[in-house]
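Peer 1: Please find one structure pasted underneath; my questions will follow.
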Ligand SMILES: Cc1cc2nc3c(=O)[nH]c(=O)nc-3n(C[C@H](O)[C@H](O)[C@H](O)COP(=O)(O)O)c2cc1C
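Residue numbers (UniProt numbering): 1 to 341.
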């Protein structure tokens, strides 16, 4: 790293990685991240995957847009060409991202056809070459998100080899989705549920590679579970679907319980009110409220009024000309349903 300033930033983002919200295409866009940031000031947030070809060859710079309030945010890149990934990483760093992450875990067909995502686990040397090129291009940390293996690979054999190669290439932090990807015959959705989870294997990797910062990913359902994994020796926990579907449950207690901050989480209704000016600005700039509120449907999950919130918000948001007042309608509906319960 070139400067002390850079070192401080890296240690801050590593601290944030104790709890992260996973990269999720179509879900963790900038509006979702802004919403998640109102729930936790500390957790590390990831972008959706952005492909290096889209940035470098397609010039799709708008894919890098984000608000500084979302920081710390990691940019996840998809790609397999070292020079192209290096260029995309440079673009991400210039835009202000705190970390550049390489996707070696996504099994979708579209992604396979471009030789990136989980299929990269069959080419560990190529991944190492990509990491090295990205590391040489940027000062921010370069990380990898991977599976424990693909198809008929033996994870006990391939995962240590994969990790040691990326470590040698300069990747000191990795998020491991603790199941295989089966590239033939399963949809991306099935690939998040059907191949069995193997947390023990990932725990053994932490013992074999003590210097590698390892975040455990896959199937974590609560903050208590995340805290238990941290106590057991993982450096971080990455949560995907549960954080999106039950954002208050997962994120609102994170600053106190995971990061030891002396802070009290805002109640869901307060979170909605905190988001109000952001949504108003978005609408004033020509956007639709639905683009933001669709990520907030789970805010009251498991609480009285959850159904009324979800229904009112989704119906009202699709009305032509809908504005920020839909939040007030949905909050009234929550109160009504909660009173009736
Ligand atoms: C809708 C959706 C989109 C996803 N998109 C990505 C992606 O862009 N990049 C990636 O590495 N993983 C992606 N994933 C996988 C998640 O990052 C995560 O590894 C997976 O959901 C397992 O974690 P969980 O059980 O906590 O959800 C996606 C998952 C979902 C549900």
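The beta carbon of each residue, even a glycine, is placed where N, CA and C say it ideally should be.
Since residue 230 and residue 18 are thought to touch, with beta carbons under 8 Å apart, how far apart are those beta carbons, to the nearest angstrom?
Peer 2: Indeed they touch by this definition, with Cβ atoms about 6 Å apart.
Peer 1: Pick from 69, 254, 163 and 37: whose alpha carbon is nearest that of residue 211?
Peer 2: Comparing Cα positions, the closest option is 163.
Peer 1: Just to confirm the assignment: which complete alpha helix (DSSP H) runs, minimum length 4, are found wholly within the stretch 190–275?
Peer 2: DSSP runs (the alpha helix (DSSP H)) wholly in the stretch 190–275: 199–208, 223–231, 241–245, 247–251 and 254–257.
Peer 1: Let me make sure I understand the geometry here. Which of 200, 254, 93 and 239 has the alpha-carbon closest to that of residue 145?
Peer 2: Closest by alpha carbon: 239.
Peer 1: Which residues bound the beta strand (DSSP E) around residue 25?
Peer 2: Element bounds for residue 25: n/a, residue is neither H nor E.
Peer 1: Sorry if obvious, but does the Cβ on residue 96 come closer than 7 Å to a heavy atom of ligand 1?
Peer 2: Answer for residue 96: no, Cβ out of range of ligand 1.
Peer 1: According to DSSP, is residue 143 part of a helix, a strand, or is it coil?
Peer 2: Of the three classes helix, strand and coil, the one that applies to residue 143 here is strand, per DSSP.
Peer 1: Run through DSSP, which three-state label would residue 16 get?
Peer 2: It is helical.
Peer 1: Give the C-beta separation of residue 170 and residue 132 to the nearest angstrom, bearing in mind that I take them to be a contact with Cβ-Cβ under 8 Å.
Peer 2: Confirmed, Cβ separation roughly 6 Å.
Peer 1: What's the C-alpha gap between residue 28 and residue 288?
Peer 2: Approximately 17 Å, taken between the alpha carbons.
Peer 1: Give the DSSP bridge partners of residue 173, in chain order.
Peer 2: Note: residue 173 sits in a beta bridge opposite 213.
Peer 1: Does DSSP classify residue 74 as helix, strand or coil?
Peer 2: Strand at residue 74.
Peer 1: Name the residue from 22, 39, 32 and 7 whose alpha carbon lies nearest to the alpha carbon of residue 254.
Peer 2: Closest option to residue 254, Cα to Cα, is 39.
Peer 1: Residues in the same chain with beta-carbon distance under 6 Å from residue 177, minus the five sequence neighbours each way, listed in chain order, please.
Peer 2: So the list reads 105, 147, 217 and 218, once near-sequence residues are dropped.
Peer 1: Under a three-way DSSP split, which group does residue 127 fall into?
Peer 2: If DSSP states are grouped into helix, strand and coil, residue 127 belongs with the helices.
Peer 1: With DSSP run on the structure shown, which of helix, strand or coil describes residue 158?
Peer 2: Three-state result, residue 158: helix.
Peer 1: Would you grab the beta carbon distance between residue 167 and residue 130 for me? Rounded to a whole angstrom, and I think it's under 8 Å.
Peer 2: 14 Å between Cβ atoms; not a contact.
Peer 1: Are residue 103 and residue 92 close, meaning C-beta to C-beta below 8 Å?
Peer 2: Cβ distance not < 8 Å, so residue 103 and residue 92 don't count as in contact.
Peer 1: Any idea if residue 236 is buried or exposed, counting beta-carbon neighbours within 10 angstroms, 16 or more meaning buried?
Peer 2: Per the 10 Å Cβ criterion, buried.
Peer 1: If I'm right that residue 136 touches residue 173 with Cβ under 8 Å, what's the distance once you round it to whole angstroms?
Peer 2: Rounded, the Cβ-Cβ distance is 17 Å, inconsistent with contact.
Peer 1: Quick one: measure Cβ to Cβ for residue 308 and residue 292, integer angstroms, because I've assumed they're closer than 8 Å.
Peer 2: Not a contact, Cβ separation roughly 19 Å.
Peer 1: Could you check the C-alpha separation between residue 321 and residue 270 for me, to the nearest Å?
Peer 2: Residue 321 and residue 270: Cα-Cα distance of roughly 25 Å.
Peer 1: Please report whether the beta-carbon of residue 278 lies at a distance below 8 Å from any beta-carbon of chain C.
Peer 2: In the displayed structure, chain C is absent; only one protein chain is listed.
Peer 1: With contact counted as at least three CB pairs below 8 Å, one residue from each stretch, are the stretch 182–189 and the stretch 148–158 in contact?
Peer 2: Yes, the stretch 182–189 touches the stretch 148–158.
Peer 1: Once the 5 residues before and after residue 311 are set aside, which same chain residues still bring their CB inside 8 Å of it?
Peer 2: Cβ within range, chain order: 333.
Peer 1: Just to confirm, is the Cβ distance from residue 11 to residue 215 under 8 Å?
Peer 2: Against a cut-off of 8 Å, the Cβ pair of residue 215 and residue 11 comes out as no contact.
Peer 1: Should residue 327 go down as buried or exposed, given a rule of 16 or more other Cβ atoms within 10 Å for buried?
Peer 2: Looking at its Cβ environment, which holds 16 or more other Cβ atoms inside 10 Å, residue 327 is buried.
Peer 1: Determine the direct distance from the alpha carbon of residue 241 to that of residue 300, and round the result to whole angstroms.
Peer 2: C-alpha separation (whole angstroms): 16 Å.
Peer 1: Kindly indicate which residue of 35, 341, 26 and 44 has the alpha-carbon position closest to the one of residue 50.
Peer 2: The shortest C-alpha separation from residue 50 is found at 26.
Peer 1: Whose CA, out of 257, 120 and 205, lies closest to the CA of residue 222?
Peer 2: For the residues 257, 120 and 205, the minimum Cα distance to residue 222 belongs to 257.
Peer 1: Residue 47 lies in the beta strand (DSSP E); which residues open and close that run?
Peer 2: Residue 47 -> beta strand (DSSP E) spans 44–51.
Peer 1: Rounding to the nearest angstrom, what Cα-Cα distance links residue 37 and residue 54 in this structure?
Peer 2: Distance between the alpha carbons of residue 37 and residue 54 is about 27 Å.
Peer 1: With a threshold of 8 Å on Cβ separation, who are the neighbours of residue 90 within its own chain once the five nearest residues in sequence on each side are excluded?
Peer 2: Cβ within range, chain order: 137 and 138.
Peer 1: Kindly indicate which three-state DSSP category residue 283 falls into: helix, strand or coil?
Peer 2: Helix, per DSSP.
Peer 1: For residue 298, which residues of its own chain have a beta-carbon under 6 Å away from its beta-carbon, when the five flanking residues on both sides are left out?
Peer 2: Result list for residue 298: 245, 246 and 247, in chain order.
Peer 1: With C-beta atoms as the reference, is residue 234 less than 8 Å away from residue 261?
Peer 2: Cβ distance not < 8 Å, so residue 234 and residue 261 don't count as in contact.
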